[in-house]
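A.B. asks: In the UniProt record's numbering, the protein residues as written are 7 to 388.
Once you've had a glance at the structure underneath, I'll fire off some questions.
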Ligand code: FNR
């Protein structure tokens, strides 16, 4: 029915429908620094291309006459039922594209009943984000600083402000070689963007010198500690486990042996992701990792997926290959760039409407009914 309302011009879209045009318009609106920070990837962007190749190599083989009149997009994760298999990925420094930043994205997510994953590197603090979301679902993403007291404090604040899961991002212990950002000498954190969560942290503040220096200090500490934490090992997960009773998901898993380790260490979920191609250039396309990881996990914990999802068909492919839910990153950042909260809402609405139609037209009436029999791998020639 979203589709009919659009054809009948009852709703006026705030953003273009086509991802390519959305990105192009964001390009025209933003300065080089922020645009390429969002759009770009690591190195020669081979991983970004691999993400798309991995999605494109699978083709849906639709089934007919399956009675798809009533569709159910519900997904249950950690005992909570969500109305769709979509979440907004954790993205820091959102004020570089729109002054309302994460507050606008979080409001949009809440109004569409899609969980918002707040980044440690948010412009606004996690409490400010929570305060615009009411009872709507939200998770917190931890950049695990070298300083364990700060990490513990973040976890405690997340619990106190109603976040219901912790996403621990493992693939960014330091920032990768990002050529556009180097060219533009652009790093948002150094200019004090994306430090809201830290400067509002009592433990973090207690480590700063004088209040007037807070922002610059915070940026320096962020740079050295948050993106400079190369010492962590699997043994360190015990600390997080002890400091929160919330479900913990590990984000950035690409190797099946790491998926096994996550289960061995008592983790509650994993997110198969290569950070949208922003960390290891030349890495495996994220979707190419998904089937083997789902085999290893064998339903013991939820497996989520991101990196390269742009349209409904991409979501269907990830679900069919075993993902329980997917995250989107750049698409909603472009919606935010062009039209703030409404832009993010429209991005979510469009992907969900496209997903619903693609599922139905493929002969599927539920997310749980999707499996690999719906797909053909065009690479294997069989
Ligand atoms: C990210 N991502 C990210 N991940 C994370 O765990 N914490 C963070 O603060 C950020 N920040 C961030 C900033 C920007 C500008 C982008 C584009 C991405 C990665 C993000 O969560 C997700 O993994 C990817 O964006 C998914 O890929 P797509 O959908 O952008 O292709």
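All residues carry an ideal CB built from backbone N, CA and C; glycine is no exception.
#1: Relative to the C-alpha of residue 245, which candidate in 275, 32, 154 has its C-alpha closest?
#2: Look at the Cβ atom of residue 316, then the Cβ atom of residue 25, and state whether they are nearer than 9 angstroms.
#3: Tell me whether residue 87 sits in a helix, a strand or coil according to DSSP, three-state version.
#4: Can you tell me the Cα-Cα spacing of residue 66 and residue 127, whole angstroms?
#5: Report the partner residues of residue 82 according to the DSSP bridge assignment.
#6: For residue 377, does the three-state DSSP call read helix, strand or coil?
#7: What is the C-beta distance between residue 148 and residue 172, in whole angstroms, given that I count them as a contact (C-beta under 8 angstroms)?
#8: With DSSP as the reference, please indicate the residues paired to residue 205 in a beta bridge.
#9: Would residue 144 pass as a contact of residue 112 if the rule is Cβ separation under 9 angstroms?
#10: To test your reading of the DSSP string, which unbroken beta strand (DSSP E) runs of 3 or more residues are found completely within the segment 69 to 144?
#11: Cβ-heavy atom distance between residue 333 and ligand 1 below 8 angstroms?
#12: Would residue 90 pass as a contact of residue 81 if the rule is Cβ separation under 9 angstroms?
#13: Bridge partners of residue 357, per DSSP?
#14: How would you label residue 44, buried or exposed, when you count the other beta carbons within 10 angstroms and need 16 or more for buried?
#15: If we count the other Cβ atoms within 10 Å of its Cβ and call it buried at 16 or more, is residue 332 buried or exposed?
#16: Within 10 angstroms of its Cβ, does residue 104 collect 16 or more other Cβ (buried), or is it exposed?
#17: Indicate the three-state DSSP secondary structure (helix, strand or coil) for residue 328 in the structure shown.
#18: Within 10 angstroms of the Cβ of residue 284, are there 16 or more other Cβ atoms? Answer buried if so, exposed if not.
#19: Could you check which residue in 361, 142, 189 has the C-alpha nearest to that of residue 167?
#20: Jot down the residue ranges of each uninterrupted alpha helix (DSSP H) in the segment 293 to 351, minimum 4 residues, whole runs only, in chain order.
#21: Once DSSP output is grouped into helix, strand and coil, what is the label at residue 39?
#22: Between the C-alpha atoms of residue 218 and residue 202, what's the straight-line distance to the nearest angstrom?
#23: Helix or strand or just coil, what does DSSP make of residue 243?
#24: Give a yes or no on whether the C-beta atoms belonging to residue 36 and residue 343 are separated by under 9 angstroms.
#25: Give me, in chain order, the residues of the same chain whose beta-carbon lies closer than 7 angstroms to that of residue 368; leave out the 5 immediate sequence neighbours on both sides.
#26: Using only the heavy atoms of ligand 1, determine whether one of them is closer than 8 angstroms to the beta carbon of residue 313.
C.D. replies: According to the structure data:
#1: In the chain shown, the residue the question calls residue 245 occupies position 239. Residue 154 is the option with its Cα nearest to residue 245.
#2: Here residue 316 refers to the residue found at position 310 when the chain shown is read from its first residue. Here residue 25 refers to the residue found at position 19 when the chain shown is read from its first residue. Yes, the pair counts as a contact, with Cβ atoms nearer than the cut-off.
#3: As a position in the chain shown, residue 87 is number 81, starting the count at 1. Residue 87 falls in the strand class under three-state DSSP.
#4: Residue 66 sits at position 60 when you count from the first residue of the chain shown. Residue 127 sits at position 121 when you count from the first residue of the chain shown. Each residue's alpha carbon lies about 37 angstroms from the other.
#5: Position 76 of the chain shown, counted from the first residue, corresponds to residue 82. Residue 82 pairs with 87.
#6: The residue labelled residue 377 in the question sits at position 371 within the chain shown. In the structure shown, residue 377 sits in coil (DSSP, three-state: anything other than H, G, I, E or B).
#7: Working through the chain shown from its first residue, we reach residue 148 at position 142. Working through the chain shown from its first residue, we reach residue 172 at position 166. With a Cβ gap of about 6 angstroms, residue 148 and residue 172 count as contacting.
#8: Counting from one through the chain shown, the residue named residue 205 turns up at place 199. DSSP lists no partner for residue 205.
#9: On the chain shown, residue 144 is found 138 positions in, with the first residue counted as 1. On the chain shown, residue 112 is found 106 positions in, with the first residue counted as 1. Their beta carbons are under 9 angstroms apart, which means residue 144 touches residue 112 by this criterion.
#10: 81 to 83, 86 to 88, 92 to 94, 122 to 125
#11: Residue 333 sits at position 327 when you count from the first residue of the chain shown. Yes, since a heavy atom of ligand 1 falls inside the 8 angstroms radius drawn around the Cβ of residue 333.
#12: Position 84 of the chain shown, counting from 1, holds the residue named residue 90. Position 75 of the chain shown, counting from 1, holds the residue named residue 81. Yes, these two residues count as a Cβ contact at 9 angstroms.
#13: Along the chain shown, one-based indexing puts residue 357 at 351. None, per the DSSP bridge assignment.
#14: For the purposes of this step, residue 44 is taken as residue 38 along the chain shown, with counting starting at 1. It is buried - the Cβ of residue 44 has at least 16 other Cβ atoms within 10 Å.
#15: For the purposes of this step, residue 332 is taken as the residue at position 326 of the chain shown. The residue is buried, with at least 16 neighbouring Cβ atoms inside 10 Å.
#16: Taking the first residue of the chain shown as 1, we reach residue 104 at position 98. Its Cβ being crowded by 16 or more others within 10 Å, residue 104 is buried.
#17: Start at 1 with the first residue of the chain shown, and residue 328 comes out as number 322. In the structure shown, residue 328 sits in coil (DSSP, three-state: anything other than H, G, I, E or B).
#18: Stepping through the chain shown from its first residue, residue 284 is reached at position 278. Under this definition residue 284 is a buried residue.
#19: As a working mapping, residue 167 is identified with position 161 in the chain shown. Measuring from the Cα of residue 167, the nearest candidate turns out to be 142.
#20: 318 to 326
#21: Taking the chain shown and counting its residues from 1, one reaches residue 39 at position 33. In this structure, residue 39 counts as helix in the three-state DSSP scheme.
#22: For the purposes of this step, residue 218 is taken as the residue at position 212 of the chain shown. For the purposes of this step, residue 202 is taken as the residue at position 196 of the chain shown. Because the pLDDT of residue 218 is 47, which lies under 50, any placement of that residue in the model is unreliable, and the number read from its coordinates should be weighed accordingly. Going by the C-alpha atoms only, they are around 15 angstroms apart.
#23: In the chain shown, residue 243 corresponds to position 237, counting from 1. Reduced to three states, the DSSP call for residue 243 is helix.
#24: Mapped onto the chain shown, residue 36 falls at position 30. Mapped onto the chain shown, residue 343 falls at position 337. Yes; because the gap between Cβ atoms is below 9 angstroms, this pair is in contact.
#25: One-based indexing of the chain shown puts residue 368 at position 362. Excluding positions up to five away in sequence, the list reads 66, 68, 69, 322, 380.
#26: Here residue 313 refers to the residue found at position 307 when the chain shown is read from its first residue. Yes; taking the cut-off as 8 angstroms, the Cβ of residue 313 has a heavy atom of ligand 1 nearer than that.
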